[in-house]
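Have a look at the structure below before the remarks.
Residue numbers (this note's numbering), protein chains in the order written: chain Z, 1 to 338; chain R, 1001 to 1179; chain D, 2001 to 2114.
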């Protein structure tokens, strides 16, 4: 099923995949800490305050201090929890987010291409993102405490609702590209980036992505002034850090998917592919933070209404428009199935 | 050879997890084992050269339907409905039909395994494009019918679920949540 | 270990199906019964896809020879759709059951008055 390297022997392909995966994972784990810092700094800047500035110059060593604190903290498992599921829950969200990175292409050639250039990449992404829900459900249920269960229930309802609009928005882009392979989707954007052909789809995807990653204004599952911390109320130390890591990896992953599907992926003038990819992800991450700093939290019934009464009908409309567009202007999207 | 390994791995996993679904008395554990069983079945599909179906199985079954199950079980758990249940001992009369069925299938297993093993006669194509074409040309009527069924399911679920509000979630103390 | 043939898959499907039947018979919990039904549908799916992999000739004549052997996969998709509908409606019924009787044990729900 792998495309680019299929002429090489199996062990060689495996070796390459392992090397690429370890480099990517190392980079991601290293970068996440500083992303947290970046987010705090950006929010501070938008709100006119200095932000973290004690550890190192401009607070640059703050992540190091945070990680050390989380690692050396006492690992406490409350006596009333279901132990196996309590420990498994934070692992699930991190693993599903990490595995999803295997399908994002970072450049045109095999060296920078996706670790696993699957023909069904889009479906794999959807499958993994739908499995991430279990982490939250199980964390909420196994914690066996009021706030955690409420947060878990809210998060489940929210994530399965917004997943529908997310996948339908993605489907319209797939229709234009005529493939489920992310690398080919990028190649299909040679003439126009899909954000130009699919502005509505991009908007729907972005809103759903914020809801999927449970960030403000859709952070009801962990609304601290009503639910303490939602599903991860009972978690501490490294297990809490895993939830944190999972959330940030999810945000970068969704930014990466958006950059790949709507913003032309690794394409761009002068600079090499991976640099463009990182730039696009950085811009999208900034917008995520910007929205977080700007909008107040939605009310729960509003959240459900936005999902079911606005985004999903809009996504269906977008699908119909895309289908008509593909049939009437075959030159605009040469790769679409006619 | 790869198919052999994949098949046996998936089959053992499927049978083991499915047995646990039936054995375990805790509704939440049953749902979780069922999810694992669905993964195993997806692996079986993969060994049959049907990766599209394998992923659809995970997305639709494990990703959507099972979340719904877990959601309902959690909600009932909250309201003091115990997740555990006593084993219902089936009466002898109730065991006749499953017993006969099992016997029949046992005979089938013995007969079929003693027969030769014909190899796969076609490399079942895994191209989703082709599957889509087939779906929207030859099986067009089926697609329309399943659309209608989905609509009926939506309306039915809405109508049934609408009647009578669920009693307040937090009436019972949380200690009643069972494992 | 010889090559994997059609009957290996059929046997696996049969085992899973029987486990589903046992689940339906031995459970009182409405959710448990629903879970067992899903198990049986899955077993049927394995059979359908196995048949599509090992079939010799297309079931119906078709204009698309290259897709002739994928009918089983299409049926499996239909089965999954059915399972989704069935689960949604059945879970709504179970919630209603709980509202009316305060339990989801099917044996306790024995009044006919609405």
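We put the CB at the ideal spot given by N, CA and C, even for glycine.
In this text, all values refer to a predicted model and were calculated from it rather than measured experimentally.
Within the stretch 123-140 of chain Z, 123, 124, 126, 127, 130, 131, 133, 137 place their CB atoms closer than 7 Å to a CB of chain R, listed in sequence order. The alpha-carbon of residue 326 (chain Z) is positioned some 40 Å away from that of residue 22 (chain Z).
Around the CB of residue 2110 (chain D), fewer than 16 other CB atoms lie within 10 Å, so the residue is classed as exposed. Any Cβ of chain R closer than 8 Å to the Cβ of residue 2037 (chain D) would place that residue at the interface, and such an atom is absent.
With a contact defined as Cβ atoms closer than 8 Å, residue 158 (chain Z) and residue 218 (chain Z) qualify at about 7 Å. Interface criterion met: the Cβ of residue 1055 (chain R) is under 8 Å from a Cβ in chain Z. Apart from sequence neighbours up to five positions away, the residues of its chain that approach residue 264 (chain Z) with a beta-carbon distance below 6 Å are 189, 193, ordered along the chain. When Cβ pairs closer than 8 Å are counted between the two stretches, the stretch 83-102 of chain Z is seen not to touch the stretch 59-70 of chain Z, the count staying below three. Rounded to the nearest angstrom, the gap between the Cα atoms of residue 153 (chain Z) and residue 109 (chain Z) is 44 Å. Contact annotation, residue 1133 (chain R) with residue 2080 (chain D): C-beta distance approximately 19 Å; criterion of less than 8 Å not satisfied. When DSSP states are grouped into helix, strand and coil, residue 187 (chain Z) belongs to the helix group.
Look at the stretch 2080-2094 of chain D: the residues with a C-beta under 8 Å from a C-beta of chain R are 2080, 2081, 2082, 2083, 2084, 2085, 2086, 2087, 2088, 2089, 2091, 2092, 2093, 2094. Between the beta-carbon of residue 266 (chain Z) and that of residue 277 (chain Z) there is about 5 Å, and that keeps the pair under the 8 Å contact cut. Close partners of residue 104 (chain Z) in chain R (Cβ separation under 8 Å) are lacking, with about 17 Å as the shortest Cβ gap. Per the Cβ contact rule, the stretch 127-137 of chain Z is not in contact with the stretch 30-41 of chain Z (fewer than 3 Cβ pairs under 8 Å).
Scanning the stretch 27-97 of chain Z from its first residue to its last, the whole alpha helix (DSSP H) runs of 4-plus residues come out as 62-72. By the neighbour-count criterion, in which 16 or more other beta carbons inside 10 Å mark a residue as buried, residue 1144 (chain R) falls on the exposed side. Straight-line spacing of the CA atoms in residue 247 (chain Z) and residue 2072 (chain D) works out to 39 Å. Beta bridge pairing from DSSP links residue 2105 (chain D) with D:2029.
Annotation for residue 284 (chain Z): 255, 258, 259 place their beta carbon closer than 7 Å to its own, counting only its chain and skipping 5 residues before and after. In summary, residue 2054 (chain D) is buried, with 16 or more beta-carbon neighbours lying within 10 Å of its beta-carbon over all protein chains present. Sequence-distant Cβ neighbours of residue 1150 (chain R) in its own chain, meaning closer than 8 Å and more than five residues away, do not exist here.
For residue 243 (chain Z), the CB contacts under 6 Å within the same chain, skipping 5 residues up- and downstream, are 90, 232 in chain order. Pairing residue 288 (chain Z) with residue 251 (chain Z) gives a Cβ-Cβ distance under 8 Å. Contacts with chain R at 8 Å (Cβ-Cβ) include residue 156 (chain Z).
Taking 8 Å as the cut-off between beta carbons, the residues of the stretch 1135-1148 of chain R near chain D are 1135, 1137, 1138, 1139, 1142, 1146, in sequence order. Within chain Z, the residues whose beta carbon sits less than 8 Å from that of residue 1052 (chain R) are 120, 123, listed in sequence order. Counting along the chain, residue 318 (chain Z) sits inside the alpha helix (DSSP H) bounded by residues 312-328. Under the Cβ criterion (8 Å, minimum of three pairs), the stretch 1070-1078 of chain R does not count as touching the stretch 1041-1048 of chain R. Counting of Cβ neighbours within 10 angstroms places residue 2032 (chain D) among the buried residues, the total reaching 16 or more.
Neighbourhood of residue 1038 (chain R) in chain D, by CB distance below 9 Å: 2038, 2042, in chain order.
Neighbourhood of residue 1043 (chain R) in chain Z, by CB distance below 9 Å: empty, with the nearest CB roughly 13 Å away. With respect to residue 2039 (chain D), residue 2020 (chain D) sits close: the two C-beta atoms are nearer than 8 Å.
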